[in-house]
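Heads up, the thing below is written out as structure tokens.
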Amino acid sequence: MAEAPDAGMAGWFAQEPEWYHDKKYKNVRVPEGQYTVYGYGGYQLPTYDLGCAGDAVPSKDGAGNSMANLEFTIATGIIGASNGLREAAWEPAGMWGWADKFVSKATHAIYTKVFSPFGAITVGLVGLYLIWRSRQADMSMAVTTAGWAVLVLIVVTAVARWPVESANFADEGLTQSLSVVQDAIGPPADNNCSGSCKDLRSPAMRASDMATGEILYENWIRSELGQNEKVTYKRDSKGDVVKDGNGDPVVKSGNTAYKYGPALYDATAFTWEEIRKARSDSNERHRIVASKEAEWRNVAAAIKKEDPEAYQNLTGQNGWDRAGTGLLAILSALFFALFDITASILIILGFLLIRWAVVALPLIGTIAILRPASGGFKRLISAVVAAIINVVVFGVAAAVYLFAVSQILSAGIPGWLQVTLIALIGAAAWMLLRPYRRIGSLRGGSSIADAALGRRRSTVNVNQKITIKDKTGRPEDVAEDAAADAKSSKEPLMAASKRGGGRSPTSPSAGLPSRPAPGRSDSGSRSGYSVYRPSGSGSGSRAGDRPLVTVRPD
Numbered sequence: 190m191a192e193a194p195d196a197g198m199a200g201w202f203a204q205e206p207e208w209y210h211d212k213k214y215k216n217v218r219v220p221e222g223q224y225t226v227y228g229y230g231g232y233q234l235p236t237y238d239l240g241c242a243g244d245a246v247p248s249k250d251g252a253g254n255s256m257a258n259l260e261f262t263i264a265t266g267i268i269g270a271s272n273g274l275r276e277a278a279w280e281p282a283g284m285w286g287w288a289d290k291f292v293s294k295a296t297h298a299i300y301t302k303v304f305s306p307f308g309a310i311t312v313g314l315v316g317l318y319l320i321w322r323s324r325q326a327d328m329s330m331a332v333t334t335a336g337w338a339v340l341v342l343i344v345v346t347a348v349a350r351w352p353v354e355s356a357n358f359a360d361e362g363l364t365q366s367l368s369v370v371q372d373a374i375g376p377p378a379d380n381n382c383s384g385s386c387k388d389l390r391s392p393a394m395r396a397s398d399m400a401t402g403e404i405l406y407e408n409w410i411r412s413e414l415g416q417n418e419k420v421t422y423k424r425d426s427k428g429d430v431v432k433d434g435n436g437d438p439v440v441k442s443g444n445t446a447y448k449y450g451p452a453l454y455d456a457t458a459f460t461w462e463e464i465r466k467a468r469s470d471s472n473e474r475h476r477i478v479a480s481k482e483a484e485w486r487n488v489a490a491a492i493k494k495e496d497p498e499a500y501q502n503l504t505g506q507n508g509w510d511r512a513g514t515g516l517l518a519i520l521s522a523l524f525f526a527l528f529d530i531t532a533s534i535l536i537i538l539g540f541l542l543i544r545w546a547v548v549a550l551p552l553i554g555t556i557a558i559l560r561p562a563s564g565g566f567k568r569l570i571s572a573v574v575a576a577i578i579n580v581v582v583f584g585v586a587a588a589v590y591l592f593a594v595s596q597i598l599s600a601g602i603p604g605w606l607q608v609t610l611i612a613l614i615g616a617a618a619w620m621l622l623r624p625y626r627r628i629g630s631l632r633g634g635s636s637i638a639d640a641a642l643g644r645r646r647s648t649v650n651v652n653q654k655i656t657i658k659d660k661t662g663r664p665e666d667v668a669e670d671a672a673a674d675a676k677s678s679k680e681p682l683m684a685a686s687k688r689g690g691g692r693s694p695t696s697p698s699a700g701l702p703s704r705p706a707p708g709r710s711d712s713g714s715r716s717g718y719s720v721y722r723p724s725g726s727g728s729g730s731r732a733g734d735r736p737l738v739t740v741r742p743d
């Protein structure tokens, strides 16, 4: 029985291309891919021609076939989630259309109910604050405070007046930037499409075609027939591949999977156009189903005649071989989707944060009008800038990653090596983008650079005690005090060295004298040094001597 394109767990993420039901594309031929034509239908592994008992009698391969079907269901769901999230992330216009009404109403409500009444009170507080600080006669501070209040008022009013336009403006700027990069280095378009043919697929949809065809279909055909597609193209005297009038390469020879694989898969899956007709007309449905059943029987008969070994796999007699291929399908899908899904989620999170910032701006701006309380406003702006940077970085990284995956899958290297390289590329991208992939980098920071890179500034407290001692007197007294201080500072050090130190060897201050207790005499304390600076007019305390400055390093 053929499956619909949106059947099963992966069907949650399937979406019919718009050109199938748009009349203006009726006469346009679009390049066909596994996903754009069949969605996620047809990736089941039925048994065939097992005799009268069929699956009713338990066999050694029955459990293997059941496990293989379960594995392909999981693999199809993983690829479906990856494709669905990527299309939502790369095409925000369709993803966030529902949020326009929410952003507009929520922003307007907060602006009219919170910012308008309480913002006026905050402006009054700004005036009182300026009057209070005017006693210091600091014009620069007054201008900065007033200018900051005016700036916040203008920004909040503009965003509240056009909330949807503000969010869409950011979307369009980011989307255009990503589209340029994705068209340049993303999965390439069909170069052979010309004339009435037009590649209408977006970069995200071309990536979905690539992932579905190279990961799901290739593993499915290997499970069904026990072999991958192998083909030899005709080449000219220069070694170049010969192409026909439509630009397609001329095939010299191909194995069973290449010759019958597409027809065999078509017999197990509805196309988007076929399922639309079948759901609208029951008679048409019976006709399409009967046609696909006949197609399956004809293809199976041709395979039985030309390749008995492939036919044995088709019937399901090698069930545990199917289970092994299904396990490889899960690993391939998982390794491919790990980085792709992560990048898509972070891009979606960035677009979501921009919309929440638009809604929250009138609320935070109510307090931020007062410059000393503007920390929340600055953090909000830093978070938005960090979100924009994350969207651009992960959008470019995802495009580069998918381009690398497409080159690996199209190269003539063994399947196990393809899976390994895909896993290594995803791990390398994950490690290289470590400063950006932290969700904490979206929270903002002390600066825009800190918010973008996820840095946190460490706080170092430095305490320095400077004691000013007013020692006035003769220069001879100063010299005597300095000698006494030097003597008293040596005695504790000598005593501590004899005792081996009174502190733990692991202590940073091991070997140093202990800090004197309050009230002890100067003879037992560790003094610094004293500097005597005469004023140059006479001598003695009565002649204008400056006070002595004693610097204590502790």
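Per the numbering used here, residue 190 is the first one in the sequence shown, and the count goes up by one each step.
Each residue gets a CB set at the ideal place from its N, CA and C atoms; glycine is no exception.
Handout entry: First and last residue of the uninterrupted alpha helix (DSSP H) at T609
Key = For the purposes of this step, residue 609 is taken as the residue at position 420 of the sequence shown. Segment G604 to L621, the alpha helix (DSSP H) holding T609.
Exercise for the section: Below 7 Å CB to CB, which residues in the same chain sit around R744 once its five sequence neighbours on both sides are set aside? Expected result: Residue numbering for the chain in the displayed model covers 190 to 743; residue 744 lies beyond these limits and cannot be assessed.
Exercise for the section: Taking the CB atoms as reference points, tell me whether D529 and S368 lie closer together than 8 Å. Expected result: The count along the sequence shown starts at 1 and reaches residue 529 at position 340. The count along the sequence shown starts at 1 and reaches residue 368 at position 179. For the 8 Å CB-CB criterion, D529 and S368 do not form a contact.
Practice task
Enumerate in chain order the residues of its own chain whose CB-to-CB distance from V580 is below 6 Å, with the five nearest sequence positions on each side excluded.
Solution key: Working through the sequence shown from its first residue, we reach residue 580 at position 391. Only L363, I536 and G539 meet the Cβ criterion.
Handout entry: Cβ-based neighbour list, I268, same chain, cut-off 8 Å, excluding 5 preceding and 5 following
Key = By 1-based counting over the sequence shown, the position of residue 268 is 79. Around I268: A199, Y229, A400, T401, I404, L405, A522, F525 and A526.
Exercise for the section: Specify the secondary structure class of R646 as computed by DSSP and reduced to three states. Expected result: The count along the sequence shown starts at 1 and reaches residue 646 at position 457. Only weak support exists for where R646 lies, its pLDDT of 49 falling under 50; the coordinates are left without a value.
Problem - For G415, the three-state DSSP class (helix, strand or coil) - result: On the sequence shown, residue 415 is found 226 positions in, with the first residue counted as 1. Looking at G415 - three-state DSSP - the assignment turns out to be coil, as it is neither helix nor strand.
Handout entry: Distance, A288 Cα to V341 Cα
Key = By 1-based counting over the sequence shown, the position of residue 341 is 152. By 1-based counting over the sequence shown, the position of residue 288 is 99. Rounded to whole angstroms, V341 to A288 spans 25 Å at the Cα level.
Handout entry: Residue of M284, S255, E463 and L559 minimising C-alpha distance to I310
Key = Residue mapping note: residue 310 aligns to position 121 of the sequence shown, counting from 1. For the residues M284, S255, E463 and L559, the minimum Cα distance to I310 belongs to L559.
Problem - Reduced DSSP secondary structure (H/G/I, E/B, other) of D422 - result: On the sequence shown, residue 422 is found 233 positions in, with the first residue counted as 1. Here the sequence assigns Tyr to residue 422, which means Asp is not the residue at that position. Y422 falls in the strand class under three-state DSSP.
Problem - Boundaries of the alpha helix (DSSP H) in which G515 is found, first to last residue - result: Translated into positions along the sequence shown, residue 515 becomes position 326. Membership of G515 in the alpha helix (DSSP H) is indicated by the continuous run G508 to A557.
Practice task
Run the CB neighbour count on A373, radius 10 Å, all protein chains shown included, and call it buried at 16 or more, exposed below.
Solution key: If you number the sequence shown from 1, residue 373 lands on position 184. By the Cβ neighbour-count rule, A373 is exposed, with fewer than 16 other Cβ atoms within 10 Å of its own.
Practice task
Alpha carbon to alpha carbon, how far is E221 from H210? Give it in angstroms, no decimals.
Solution key: Along the sequence shown, read from residue 1 onward, the residue named residue 210 stands at position 21. Along the sequence shown, read from residue 1 onward, the residue named residue 221 stands at position 32. C-alpha separation (whole angstroms): 16 Å.
Exercise for the section: Would you check if the segment 469-487 and the segment 503-521 touch, i.e. whether three or more CB-CB distances between them fall below 8 Å? Expected result: In short, these stretches do not touch, since the Cβ pair count stays below three.
Exercise for the section: For A532, I'd like the list of residues in its chain whose CB is within less than 7 Å of its CB, leaving aside the five on either flank, ordered along the chain. Expected result: In the sequence shown, counting from the first residue as 1, residue 532 sits at position 343. Cβ-Cβ distances below 7 Å link A532 to F583, A586 and A587 in the same chain, with the five nearest sequence neighbours on each side left out; the list follows chain order.
Practice task
To the nearest angstrom, report how far apart A518 and Y232 are at their CA atoms.
Solution key: Counting from 1 along the sequence shown, the entry for residue 518 is found at position 329. Counting from 1 along the sequence shown, the entry for residue 232 is found at position 43. The alpha-carbon atoms of A518 and Y232 are separated by roughly 11 Å.
Handout entry: Boundaries (first-last residue) of the beta strand (DSSP E) holding V312
Key = Residue 312 sits at position 123 when you count from the first residue of the sequence shown. Counting along the chain, V312 falls outside any beta strand (DSSP E), though it belongs to the alpha helix (DSSP H) covering S305 to R322.
Handout entry: Neighbourhood of L453 by C-beta distance below 6 Å, restricted to the same chain and skipping five residues each side
Key = Indexing the sequence shown from 1 puts residue 453 at position 264. V488.
Practice task
Please state whether DSSP places E192 in a helix, a strand or coil.
Solution key: Position 3 of the sequence shown holds residue 192. In this structure, E192 counts as strand in the three-state DSSP scheme.
Problem - Nearest neighbour of Y318, chosen from E276, P561, G415 and E498 [CA to CA] - result: Stepping through the sequence shown from its first residue, residue 318 is reached at position 129. With distances taken between CA atoms, Y318 lies nearest to P561 out of E276, P561, G415 and E498.
Exercise for the section: Check whether the segment 289-302 touches the segment 341-357, taking contact to mean three or more Cβ pairs, one atom from each stretch, closer than 8 Å. Expected result: With contact defined as three or more Cβ pairs closer than 8 Å, the segment 289-302 and the segment 341-357 are in contact.
Problem - Span of the beta strand (DSSP E), counted from its first residue to its last, around V440 - result: Numbered from its first residue, the sequence shown carries residue 440 at position 251. Counting along the chain, the beta strand (DSSP E) containing V440 begins and ends at V440 to G443.
Problem - A338 versus V574: straight-line alpha-carbon distance, rounded - result: On the sequence shown, residue 338 is found 149 positions in, with the first residue counted as 1. On the sequence shown, residue 574 is found 385 positions in, with the first residue counted as 1. Roughly 21 Å between the two C-alpha positions.
Handout entry: Own chain, CB closer than 6 Å to K466, minus 5 neighbours either side, in chain order
Key = Along the sequence shown, read from residue 1 onward, the residue named residue 466 stands at position 277. Taken in chain order, the residues that qualify are E473.
Problem - Spatial distance of I464 from V344 (CA atoms) - result: Numbered from its first residue, the sequence shown carries residue 464 at position 275. Numbered from its first residue, the sequence shown carries residue 344 at position 155. Distance from the CA of I464 to the CA of V344, rounded to the nearest whole angstrom, comes to 51 Å.
Handout entry: Which of helix, strand or coil DSSP assigns to A600
Key = Against the sequence shown, residue 600 aligns to sequence position 411. Here DSSP, grouped into helix, strand and coil, assigns A600 to coil.
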